[in-house]
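**Student:** Please read through the structure below; I'll follow up with questions.
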DNA sequence: GGAAATGATTGTCT
DNA sequence: AGACAATCATTTCC
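Numbering (the UniProt record's numbering), first residue to last: 1 to 289.
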């Protein structure tokens, strides 16, 4: 899942970041750093220098050589750090962009993240961690288009609104969300629909009409809405004006007004009491009995 | 600002 | 493993 994945990435950055160098870089201007290096070198070679005090020029050359060597290493390390820091920053930005599909992320938030990374990496990890833990339940509603697609599928497969893995993947692609989100959506939809069918009547009718128009526009000779792929049409038609919340009553009405034909279309044996186990109404029957 | 809607999470069941 | 049910946390609507 995204937050966990992100945390893993943070704790395993692409390149180990040399914290000590970062601290030096920020706290001291370049000149002060060079001075520091000079002093360190003087201290480390102090003993030898005293022992060879009679050969001052040789010692000086040796010192200069060492100094430039260390400077080279230092700058190489500094470059490495900057590169790692930039890589890490772009890495975080990419992850944020990915996450922006799941929850709203403003450009300000991204800027803040970047400034945090450039402060102190250790501190940054802690801040970022808490921020992501806080944000783990933040969400964004699906786009209208995505909801349309999902509802269209749901209401045109009302007899068996259980898309298989293949269909889920296809829907996920179409809607620009994950398969897990598709599963969540159908889980929520089934349960909420079943809990209060009356509330969803209007919506069901809307999508039924959509199916009618799309089907009739596809086949000009179709005079009846009961074409193989228009299951929702019949279902919603018989819901119109129905205020019954009780599933059993609803089922009776469905049987009376043609829901049976939809069940048959889905290769479900006649009579709701022998409907396959994947039918939501069957499950309710079992629970009620 | 509060209610309703909605996506996600968690625990339980089969 | 997948479905359901309850619930949480956020967003949207009035």
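Glycine residues also receive a C-beta, built at the ideal position from the N, C-alpha and C atoms.
It should be emphasised that the depicted structure is a prediction, and the values quoted were computed from it without experimental measurement.
Tell me whether residue 213 is buried or exposed, calling it buried when 16 or more other Cβ atoms sit within 10 Å of its Cβ.
**Tutor:** Along the first chain, read from residue 1 onward, the residue named residue 213 stands at position 213. Residue 213 should be labelled exposed.
**Student:** What is the DSSP secondary structure of residue 112, reduced to helix, strand or coil?
**Tutor:** The residue given as residue 112 occupies position 112 in the first chain. Helix.
**Student:** Apart from the five residues on each side of it in sequence, which residues of its chain come closer than 6 Å, Cβ to Cβ, to residue 193?
**Tutor:** Position 193 of the first chain, counted from the start, is the residue given in the question as residue 193. If we look at residue 193 and ignore the five residues flanking it on each side, its Cβ neighbours are 200.
**Student:** Quick check on the burial criterion: 16 or more other C-beta atoms within 10 angstroms. Buried or exposed for residue 167?
**Tutor:** For this step, residue 167 is matched to residue 167 along the first chain. Burial call: exposed.
**Student:** Straight-line CA distance for residue 179 to residue 75?
**Tutor:** For the purposes of this step, residue 179 is taken as the residue at position 179 of the first chain. For the purposes of this step, residue 75 is taken as the residue at position 75 of the first chain. Each residue's alpha carbon lies about 48 Å from the other.
**Student:** Sorted by chain position, which residues of the same chain lie with C-beta nearer than 6 Å to residue 154's C-beta, five sequence neighbours on each side aside?
**Tutor:** On the first chain, residue 154 is found 154 positions in, with the first residue counted as 1. So the list reads 161, 189, once near-sequence residues are dropped.
**Student:** What is the rounded straight-line gap between the Cα of residue 151 and the Cα of residue 98?
**Tutor:** Taking the first chain and counting its residues from 1, the one referred to as residue 151 is at position 151. Taking the first chain and counting its residues from 1, the one referred to as residue 98 is at position 98. It is roughly 25 Å from the alpha-carbon of residue 151 to the alpha-carbon of residue 98.
**Student:** What is the DSSP secondary structure of residue 158, counted as helix, strand or coil?
**Tutor:** Numbered from 1 along the first chain, position 158 holds the residue referred to as residue 158. Correct three-state label for residue 158: coil.
**Student:** Are there 16 or more other CB atoms within 10 angstroms of the CB of residue 69, so buried, or fewer, so exposed?
**Tutor:** Here residue 69 is taken as the residue at index 69 of the first chain, counted from 1. Result: exposed.
**Student:** Could you give the distance in angstroms between the alpha-carbon of residue 81 and the alpha-carbon of residue 112?
**Tutor:** Numbered from its first residue, the first chain carries residue 81 at position 81. Numbered from its first residue, the first chain carries residue 112 at position 112. Straight across, the Cα-Cα distance linking residue 81 with residue 112 is about 20 Å.
**Student:** Please name the residue in 163, 195, 158, 182 whose C-alpha comes closest to that of residue 204.
**Tutor:** Residue 204 sits at position 204 when you count from the first residue of the first chain. Looking at the Cα atoms, 158 is the closest of the given residues.
**Student:** At the level of alpha carbons, what is the spacing between residue 148 and residue 100?
**Tutor:** As a working note, residue 148 is residue 148 in the first chain. As a working note, residue 100 is residue 100 in the first chain. So the alpha carbons of these two residues sit roughly 21 Å apart.
**Student:** How far does the alpha helix (DSSP H) with residue 186 in it reach, from first residue to last?
**Tutor:** Here residue 186 refers to the residue found at position 186 of the first chain. Segment 179-195, the alpha helix (DSSP H) holding residue 186.
**Student:** Could you tell me how far apart the beta carbons of residue 110 and residue 88 are, in whole angstroms, since I believe they sit closer than 8 Å?
**Tutor:** Numbered from its first residue, the first chain carries residue 110 at position 110. Numbered from its first residue, the first chain carries residue 88 at position 88. Wrong, their Cβ atoms sit about 14 Å apart, outside the cutoff.
**Student:** Using DSSP with H/G/I as helix, E/B as strand and the rest coil, what is residue 138?
**Tutor:** For the purposes of this step, residue 138 is taken as the residue at position 138 of the first chain. In the structure shown, residue 138 sits in coil (DSSP, three-state: anything other than H, G, I, E or B).
**Student:** Determine the burial state of residue 156: buried for a count of at least 16 other Cβ atoms within 10 Å of its Cβ, exposed for fewer.
**Tutor:** Counting from one through the first chain, the residue named residue 156 turns up at place 156. With 16 or more Cβ atoms within 10 Å of its Cβ, residue 156 is classed as buried.
**Student:** Using a 10 Å radius around the Cβ and a threshold of 16 neighbouring Cβ atoms, would you call residue 191 buried or exposed?
**Tutor:** Walking along the first chain from the start, residue 191 turns up at place 191. Under this definition residue 191 is an exposed residue.
**Student:** Just tell me which of 176, 79, 93, 195 has its CA closest to the CA of residue 145.
**Tutor:** Working through the first chain from its first residue, we reach residue 145 at position 145. With distances taken between Cα atoms, residue 145 lies closest to 176.
**Student:** What is the DSSP secondary structure of residue 143, counted as helix, strand or coil?
**Tutor:** Locating residue 143 in the first chain gives position 143, where the first residue counts as 1. Three-state DSSP puts residue 143 in coil, outside helix and strand.
**Student:** On a CA-only basis, which of 114, 208, 84, 173 is nearest residue 96? Give me that one, please.
**Tutor:** The count along the first chain starts at 1 and reaches residue 96 at position 96. The candidate whose alpha carbon is nearest that of residue 96 is 114.
**Student:** Rank 170, 210, 182, 84 by C-alpha distance to the C-alpha of residue 141 and give the top, closest one.
**Tutor:** Counted from its first residue, the first chain places residue 141 at position 141. Of 170, 210, 182, 84, the residue nearest in Cα terms is 182.
**Student:** How is residue 105 classed by DSSP in three states: helix, strand or coil?
**Tutor:** Counted from its first residue, the first chain places residue 105 at position 105. If DSSP states are grouped into helix, strand and coil, residue 105 belongs with coil.
**Student:** Got a sec? Which residues, its chain only, sit under 7 Å from residue 92 by beta carbon, not counting five neighbours each side?
**Tutor:** Position 92 of the first chain holds residue 92. Sequence-distant partners of residue 92 (beyond 5 residues in either direction) whose C-beta falls short of 7 Å from its own C-beta, in its chain, are 113, 117.
**Student:** Pull up the distance between the alpha-carbon of residue 67 and that of residue 94, whole angstroms please.
**Tutor:** Within the first chain, the letter at position 67 stands for residue 67. Within the first chain, the letter at position 94 stands for residue 94. Each residue's Cα considered, the two are about 40 Å apart.
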